[in-house]
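One gets this note's numbering by counting positions in the sequence shown from 1 and adding 302 to each.
Down below is the structure, laid out as structure tokens.
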Amino acid sequence: MSTTPSSSLFPALRREVRETPESGIVEVVNYGRTKPGLIGLWVGEGDEPTPAIIYEAATRSLAAGETYYTYQRGIPDLRQAIATWQSKHFGRAFSPDHIYVTGGGMQAIQIAIAATLGAGDECLMPTPTWPNAAAAMGVAGARTIPVPMSFGNRGWSLDLEKLFAAVTPKTRAIFVNSPGNPTGWTATHDELRAILAFARKHGLWIISDEIYARFYWRGDGERAPSFFDVMDPEDRIIFVNTFSKNWSMTGWRLGWITVNPSLGQVFENLVQFSTSGVPVFNQRAGVAAMEQGEDYAKHVISRAREGRKIVCDALAATGRVRITPPDGAFYAFFAIEGKADTRKLGIEIVDGANVGLAPGDAFGLGGAGYMRLCFLRSPGQLTEAVDRLTTWLRR
């Protein structure tokens, strides 16, 4: 059967679906994934599998026959475990009624979009940023208003006046990813307060993506500043999060939403009408991660901290790379002198250095000319990767 799209069928799809962009990251991954010996640093995950303390909870659940439909909001044990974990790390009280379990962080974002944005609505979004959220808004018929950040000697920064000036009568939400993918930009408490005050004034929702909160390199804090630190209970904020990063669970597709309990039935409905709930065995793994996985999470964070130093020091020493160590997340986002077309550059680096990086223009306005490297890897793998890159740069 032919896989070529039918010329008569494609135009019959919704315009928003037809215009969904291809991933510039996947384009490079598909080009280089089968290349022998390639070190792939193009996607946002570590090189360690999920630890046994977590996956064994899932296998026990399967062995016990927990393969049926379940609670749409998430099993009570997991919602309580998440509430307890958040209470510990964010210094305020959460109950299970704040928590709604989703099929990964991406579904959490899609549900937040469905709750706040419809056809013709606009969402302000600092860029460069992870492209999937903007694409999901486009599929919903909403329009993303990108607000480019700038890069200087102290790294990436967001001009709040530019953000606020982008609002229109159609604006319904602001999407904030802090710490940010790919830039590592991390909002300060003062910046969060200012964004929140603006959202209150204009009646806007905030969709807060804080999945990298534990990967924070500025100061001695164990996490980045959060809207949880500055908000009131009635503020219009939807928090999205995932198990993927802290506990090496990218393939599990397990995440959660935190929102005011008064909206609980709405969010239960949105889960029901999309996936009808998350498999119980996945959720048992989530309970284990929350209750027994703190030592492992600290290990992952420590590896990222070491990887940041290895990569940023080596690339800066070449004199060919424009880079500043990021304040948060686990990516180096850098520009190579004389190389503006980063999609082409991604292919060049695969062929010339046998290293896989993500092209910056895949991350929207402001990303052109930059490459993203994930440094959540073993020190040996990163050392080899930057050796290959610096050798290639010297040619």
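Each residue gets a CB set at the ideal place from its N, CA and C atoms; glycine is no exception.
Being a predicted model, the structure only gives us computed values, none of them experimental.
Contact annotation: the region 660-678 does not touch the region 358-369, with fewer than three C-beta pairs closer than 8 Å. Here Arg610 is buried, its C-beta having at least 16 other C-beta atoms within 10 Å. The shortest C-alpha to C-alpha distance from Ala526 to any of Val532, Glu512, Glu536 and Ile539 is the one to Glu512. Secondary structure in the region 538-599: the alpha helix (DSSP H) runs of 4 residues or longer, each lying completely within the stretch, are 566-574 and 582-594 in chain order. Counting of Cβ neighbours within 10 angstroms places Phe575 among the exposed residues, the total staying below 16.
For Phe477, the enclosing beta strand (DSSP E) stretches over residues Thr473 to Asn479. Contact annotation: the region 550-558 touches the region 402-419, with at least three C-beta pairs closer than 8 Å. In the DSSP assignment, Pro450 falls within the unbroken beta strand (DSSP E) covering Arg445 to Pro450.
In this structure Leu419 is buried. Its beta-carbon is surrounded by 16 or more other beta-carbon atoms within 10 angstroms. DSSP places Arg674 in the strand class (E or B) of the three-state scheme.
Listed in chain order, the beta strand (DSSP E) elements of length 3 or more contained wholly in the region 355-429 are 401-404 and 424-429. At a Cβ-Cβ threshold of 7 Å, Pro481 and Met451 do not count as neighbours. Excluding residues up to 5 positions away in sequence, Arg538 lie with their Cβ nearer than 8 Å to the Cβ of Gly505 in the same chain.
Contact between the region 451-460 and the region 617-634 is present, with at least three C-beta pairs closer than 8 Å. Take the alpha-carbon of Arg696 and the one of Glu350: they are about 31 Å apart.
If you look at Tyr633, you'll find it in the beta strand (DSSP E) that goes Tyr633 to Ile638.
Gly443 is positioned such that its CB atom lies no closer than 7 Å to that of Ala468. Excluding its 5 nearest sequence neighbours in each direction, Glu524 has C-beta neighbours in its own chain below 8 Å: His391, Arg516 and Tyr518, listed in chain order. Contact between the region 559-574 and the region 532-547 is established, with three or more Cβ pairs separated by less than 8 Å.
The distance from the Cβ of Pro661 to that of Val330 is about 6 Å, consistent with a contact at the 8 Å cut-off. Beta-bridge partners of Tyr518 (DSSP): Gly630. Cβ-Cβ separation between Gly566 and Thr372: approximately 16 Å, too far for a contact (criterion under 8 Å). In this structure, the straight-line span from the alpha carbon of Ser550 to that of Ser310 is close to 43 Å. Within the same chain, Ile509, Ile540, Val542 and Ile559 come within 7 Å of Ala414 by CB-CB distance, once the 5 residues on both sides are set aside. A direct Cα-to-Cα measurement between Phe583 and Thr369 gives close to 7 Å.
By the Cβ criterion, the region 331-348 is in contact with the region 644-659, since at least three pairs of Cβ atoms, one from each stretch, lie closer than 8 Å. A Cβ-Cβ distance of about 16 Å is found for the pair Glu424 and Lys503, leaving them out of contact under the 8 Å criterion.
For Ile356, the closest alpha carbon among the candidates Trp344, Arg586 and Thr577 is that of Arg586. If you draw a 10 Å sphere on the C-beta of Pro338, you find fewer than 16 other C-beta atoms in it, and that means exposed. By the CB criterion at 7 Å, Leu380 and Val573 fall outside the cutoff. Taken atom to atom, the span from the alpha-carbon of Ala616 to that of Gly521 is near 22 Å. Excluding five sequence positions before and after Gln412, the CB atoms of its chain that fall closer than 6 Å to its own CB belong to Ala438, given in chain order.
Pairing Phe500 with Phe466, the inter-Cα distance amounts to about 7 Å. Arg690 sits in a helix when the DSSP states are folded into three classes. For Ile651, there is no enclosing beta strand (DSSP E); the residue is found in the alpha helix (DSSP H) stretching over Thr644 to Ala655.
Judged by DSSP secondary structure, Asp511 falls within the beta strand (DSSP E) whose first and last residues are Trp507 to Asp511.
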